[in-house]
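Each residue of the sequence shown is one higher than the one before, counting from 320 in the working numbering.
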Amino acid sequence: MKSNNIVKIFLAAGLTVGFAIGCSDDFLTREPQAQYSPTSLKTAKGVEGVLLGAYAMIDGTGLDGQDPWMNDIHNWVFGGVPSDDAYKGTDAGDQPEESFIERWDFQPTNNHIRNKWRGLFKGVARTNDVINTLKDVKDISEARRAQILAEAKFLRALFHFEAKKMWKNIPYIDDAIFNLDNLESTKVPVDPQAWAKIEKDLADAAAVLPVTQAQVGRPTKWAAKGLQAKALMYQGFDVNTGAANAAKLTAAKAILEEIMNSGKYRLVDLYRDNFDASTRNNAESIFEVQFASSSATGDAANQGVGLAHPYASPWGCCGFYQPSQNLVNAFKTGADGLPLIDTFNDSDVKNDQGLKLEDPYTPYEGMLDPRLDHTVGRRGILFIDYKIHNVDFIRDQTYAGPYSPRKHIPSKAFTGVNGWGNLTSNNYRLLRYDMILLWLAECEVEIGSLERARELVNMIRTRAANPAGFVQKATQGATRDAYTLVFDAQGNPVPAANYNIKNYTTPWTDKALARKAVRFETRLEFGMEGHRFFDLSRWGIAADVLNKYNAVESNKRVYKKGAVFTKGKNEFYPIPQEAIDRSEKDGKATLEQDPAYK
320 MKSNNIVKIF LAAGLTVGFA IGCSDDFLTR EPQAQYSPTS LKTAKGVEGV
370 LLGAYAMIDG TGLDGQDPWM NDIHNWVFGG VPSDDAYKGT DAGDQPEESF
420 IERWDFQPTN NHIRNKWRGL FKGVARTNDV INTLKDVKDI SEARRAQILA
470 EAKFLRALFH FEAKKMWKNI PYIDDAIFNL DNLESTKVPV DPQAWAKIEK
520 DLADAAAVLP VTQAQVGRPT KWAAKGLQAK ALMYQGFDVN TGAANAAKLT
570 AAKAILEEIM NSGKYRLVDL YRDNFDASTR NNAESIFEVQ FASSSATGDA
620 ANQGVGLAHP YASPWGCCGF YQPSQNLVNA FKTGADGLPL IDTFNDSDVK
670 NDQGLKLEDP YTPYEGMLDP RLDHTVGRRG ILFIDYKIHN VDFIRDQTYA
720 GPYSPRKHIP SKAFTGVNGW GNLTSNNYRL LRYDMILLWL AECEVEIGSL
770 ERARELVNMI RTRAANPAGF VQKATQGATR DAYTLVFDAQ GNPVPAANYN
820 IKNYTTPWTD KALARKAVRF ETRLEFGMEG HRFFDLSRWG IAADVLNKYN
870 AVESNKRVYK KGAVFTKGKN EFYPIPQEAI DRSEKDGKAT LEQDPAYK
C-alpha cells in the first residue's frame, strides 16, 4: 500500500485481514479468532495484518468493553491527575476511581489501574504474536522480515516501558516465553532484568530501522534511540534518595548527543505547533501516536482524552483533567523574565473562582511565561480559536476550580468532524526534540557542564519567547461564541497577557540551582502532557514536592485534605489484584505484589 499514514493502512487492514489476538483472561496471552486460520496469518500479508494489530494497541483503546481513558497513551489519569499539575476535575461523583488516584490512595482493586495493566500486556502479547508468526512466514523478503521484527521489538519495548513507569516490578514477556498454544506460558514472575531487556529490544530495533520511514507512525532509528535514552533517564536517579546514577546518565547522554548531532530534528518556531492537528508530524516530532477521524467513523480518533474536554459547546463533556492553581502559578515570571522557582506559589495568579458568566473580569496583569496560555484555559483568554474562556467551560467550579486543559485540543477546524467534537485526529507526540534537549540538560547538570545545561535550557526558552507564538488578545462579541482579535495601531497582534520570558544570562556555577532550573523548565515545557508524576517519581522527589503541594492546594480543593503521599510506596502503583490472581500456576500465584502494598 502506498498511503503515507499508518492509521489509514490500519483502517483498511481492519476490514480485510483482521487481528490475530482476542481478549484472553489474563491479557498476557492471545486467542486466535476463529475466522482466521493460523495458516492464513503465516503469510507476508497475514503477518503485516498482525503487526498492524500490535500498532492498534499503542493508543490504549484496543481493549473490548473497556473505557479508553484507563489505558490512554496520554497518561492523563496516571501521570497528570496524581501530580501537582492537575486535578481529576469534573464533579465529585464522576469516575470515583480517579479521585482515589488523585489522593494517592492506590489500591490493587482499582479498575483503572487494572485496565492499564490489561491494555499494556495485551499490547505485549500482540507484539510477541507478530514475532512468532513471522518465524513461519516464507513468502517475504529478508529485508522486510528484518524490518517487521525491528518494528515489533520497538513496540514490545514501548509497552513494557509504559508498564515499568507504572509498576516497580513487572514481568518481561518475550517471544521465547509467549506460546500461543499454552495459556500457562505467560504466568511468570516479575523480571529484575526488565530494564535491561527494554534497552536491548530498542538497541536491536535501532540497528535495523531506517532513519526515515515512508509511512508516518512507524518508528525510525531515531525513535528507537530516543525511547532507549528515555528508558536510561528513568534509571538515572535513585527513586528513594534522588542520587544520580552516573553510568545510566552517561549512556543516555551519548544517545541524546547522537540524536542532536544527526541534524534530523529541530525546535519548530511556534510552541503551539506541537499540539495542533494541522501541524502533526513536524520537524520537532520524533515519534507520534497517529489518530484519524472522519465523518464516517471516529474509531481511530483520540478517544482516550474524550472526557478531558471543556463542558462548554462544541464539546459538552466532560470537564475532566483540570489544571491546578499550583501549575498556573508556576508560569509567573519576574522582571528579569525568569521563573520564580522558589516563590511562585507564594501568591495566586488571579482567577474567576465564584464569578458568574456575566460578571466583569480583568485577567491577571502580572508577568507570565507565554506557555501558560497554550497549556491552560483561563477566563478572559481566547481558548485556541473557539471562544473566550469563561465559567461555562467548567462542570463544577466549586469542586475542581476554574481552569481547563488545552494542549490535546486541536483548533476548531478539526473539531466535530465525526459528530462529536471530543474525538479528533490530533496526534500524541510521544517523543519530541524538546524532550531530547531537556534530558540532555539533566545529564549535563549531573555528569557534564552546567554551562551546556544552561545553553540547552535557553534554546527551549528562546522558542517560547517568540512573539509570533503568543496567544492573541480578544474581546467578547455580541454572542457567546463571537470574539474580535485585538491589534495595535501598527497592525500587530496584541498579546493576551503580560508575557515576559527571557533566557538565563548569568553563568550556572551551582549544581543544585542548575538542577532546580532544568526540572522547573521541564515542568513548564511539558505541563499537562501526562509526564509530571513520573518525572517527580524518577527524580526521587515526589513525596517532598507533592506533600508540600497538597498542604496548600487542599485549602482550595477541600476534598484533598488528609491526603498523604507515602515515600517509598506511592512512586509506583500496586500490581492489580486480578493480575496476581490470574497468574496462579500449580496452585500458587507467580506474580507477587510490590512489598510496599502488602
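In this text, a Cβ means the ideal position worked out from N, Cα and C, and glycines have one as well.
Restricting to Cα atoms, I'd like to know which of the options is closest to residue i.
{"i": "ARG851", "options": "GLY796, TYR553, LEU477 and ILE377", "result": "TYR553"}
{"i": "THR823", "options": "ALA808, ASP854 and GLU774", "result": "A quick correction: the sequence has Tyr, not Thr, at residue 823. With distances taken between Cα atoms, TYR823 lies closest to GLU774."}
{"i": "ALA465", "options": "THR560, HIS393, SER873 and VAL449", "result": "VAL449"}
{"i": "ALA548", "options": "ALA627, GLU897 and LEU750", "result": "LEU750"}
{"i": "ASP829", "options": "ALA772, GLU848 and PHE845", "result": "ALA772"}
{"i": "ALA957", "options": "THR794, LYS835, ALA836 and ARG422", "result": "This structure cannot settle anything about residue 957, because the visible part of the chain is limited to 320 through 917."}
{"i": "ASP800", "options": "LYS821, LEU701, ALA898 and ASP900", "result": "LEU701"}
{"i": "ALA833", "options": "GLY438, ILE660 and ALA571", "result": "ILE660"}
{"i": "GLY379", "options": "LEU742, PHE473, THR531 and GLY438", "result": "GLY438"}
{"i": "SER873", "options": "GLY720, ALA522 and ALA908", "result": "GLY720"}
{"i": "GLY638", "options": "GLY696, PRO401, GLY653 and TYR680", "result": "GLY696"}
{"i": "ILE899", "options": "PHE419, GLY399, PRO427 and ASN745", "result": "PRO427"}
{"i": "VAL883", "options": "GLU848, ASN866 and TYR584", "result": "ASN866"}
{"i": "ASP557", "options": "ARG857, CYS636 and MET778", "result": "ARG857"}
{"i": "LYS572", "options": "THR560, ASN559 and LEU551", "result": "LEU551"}
{"i": "SER504", "options": "LYS917, ASP913 and LYS904", "result": "LYS904"}
{"i": "LEU843", "options": "TYR640, PRO633 and LEU646", "result": "LEU646"}
{"i": "THR452", "options": "GLY653, ASP592 and ALA363", "result": "ALA363"}
{"i": "LEU657", "options": "HIS693, GLU770 and ALA783", "result": "ALA783"}
{"i": "LEU586", "options": "ILE779, GLN912 and MET376", "result": "ILE779"}
Helix, strand or coil, according to DSSP, for residue i in the structure here?
{"i": "GLN912", "result": "coil"}
{"i": "ARG780", "result": "helix"}
{"i": "GLN534", "result": "coil"}
{"i": "GLY408", "result": "strand"}
{"i": "TYR802", "result": "strand"}
{"i": "LEU575", "result": "helix"}
{"i": "LYS917", "result": "coil"}
{"i": "LYS875", "result": "coil"}
{"i": "LYS651", "result": "strand"}
{"i": "ARG706", "result": "For clarity, residue 706 is Lys in the given sequence; the question names Arg instead. LYS706: strand per DSSP, three-state reduction."}
{"i": "PRO415", "result": "helix"}
{"i": "GLY656", "result": "coil"}
{"i": "ASN498", "result": "coil"}
{"i": "ASN664", "result": "coil"}
{"i": "GLN641", "result": "strand"}
{"i": "VAL695", "result": "strand"}
{"i": "TYR818", "result": "strand"}
{"i": "ASN701", "result": "Checking the sequence, you will find Leu at residue 701 rather than Asn. In the structure shown, LEU701 sits in a strand (DSSP, three-state: E or B)."}
{"i": "PRO682", "result": "coil"}
{"i": "SER723", "result": "strand"}
{"i": "PRO629", "result": "coil"}
{"i": "ILE340", "result": "Note on ILE340: pLDDT 37, under 50, position unreliable in the model; the coordinate value appears next. Coil."}
{"i": "THR348", "result": "With a pLDDT of 35 at THR348, under the threshold of 50, the modelled position of that residue is not reliable, and no figure is offered here."}
{"i": "PRO786", "result": "helix"}
{"i": "PRO812", "result": "strand"}
{"i": "THR362", "result": "coil"}
{"i": "CYS762", "result": "helix"}
{"i": "ALA898", "result": "helix"}
{"i": "TRP423", "result": "coil"}
{"i": "VAL443", "result": "helix"}
Per the DSSP calculation, residue i is bridged to which residue(s)?
{"i": "ARG748", "result": "GLU607"}
{"i": "GLU903", "result": "ALA908"}
{"i": "ALA793", "result": "LEU804"}
{"i": "PRO529", "result": "The partner list for PRO529 (beta bridge, DSSP) is empty, contrary to what the question assumes."}
{"i": "LEU687", "result": "LYS651 and TYR818"}
For a cutoff of 8 Å on Cβ pairs, would you count residue i as touching chain C?
{"i": "GLY555", "result": "No chain C appears in this structure, which consists of one protein chain only."}
Segment contact flag, the segment 675-688 with the segment 872-888, C-beta cutoff 8 Å, min 3 pairs: no
Write down every uninterrupted run of the beta strand (DSSP E) in the segment 539-573 whose length is 3 residues or greater and which is fully enclosed by it, in chain order. none
Report yes or no: do three or more beta-carbon pairs, one from the segment 439-448 and one from the segment 404-411, lie closer than 8 Å? no
Decide yes or no for the touch test of the segment 752-765 against the segment 600-614: beta carbon pairs closer than 8 Å, at least 3 of them. yes
So does the segment 665-678 actually touch the segment 614-631, counting three or more Cβ pairs closer than 8 Å? no
Whether or not the segment 736-749 and the segment 553-571 are in contact is what I'm after, with contact meaning three or more pairs of Cβ atoms, one per stretch, closer than 8 Å; do they touch? no
Using a Cβ distance threshold of 8 Å, determine whether the segment 839-858 contacts the segment 525-545, with at least three qualifying pairs required. no
Tell me whether the segment 727-745 and the segment 584-604 touch, counting them as touching only if at least three CB pairs, one residue from each stretch, are closer than 8 Å. yes
Touch check for the segment 465-485 and the segment 367-375: three-plus C-beta pairs under 8 Å? yes
Quick test of the definition: if touching needs 3 or more C-beta pairs under 8 Å, does the segment 515-531 touch the segment 449-460? no
Taking contact to mean 3 or more Cβ pairs, one atom from each stretch, closer than 8 Å, check whether the segment 623-634 and the segment 388-395 are in contact. yes
Does the structure place the segment 708-715 close enough to the segment 578-595 that three or more beta carbon pairs sit under 8 Å? no
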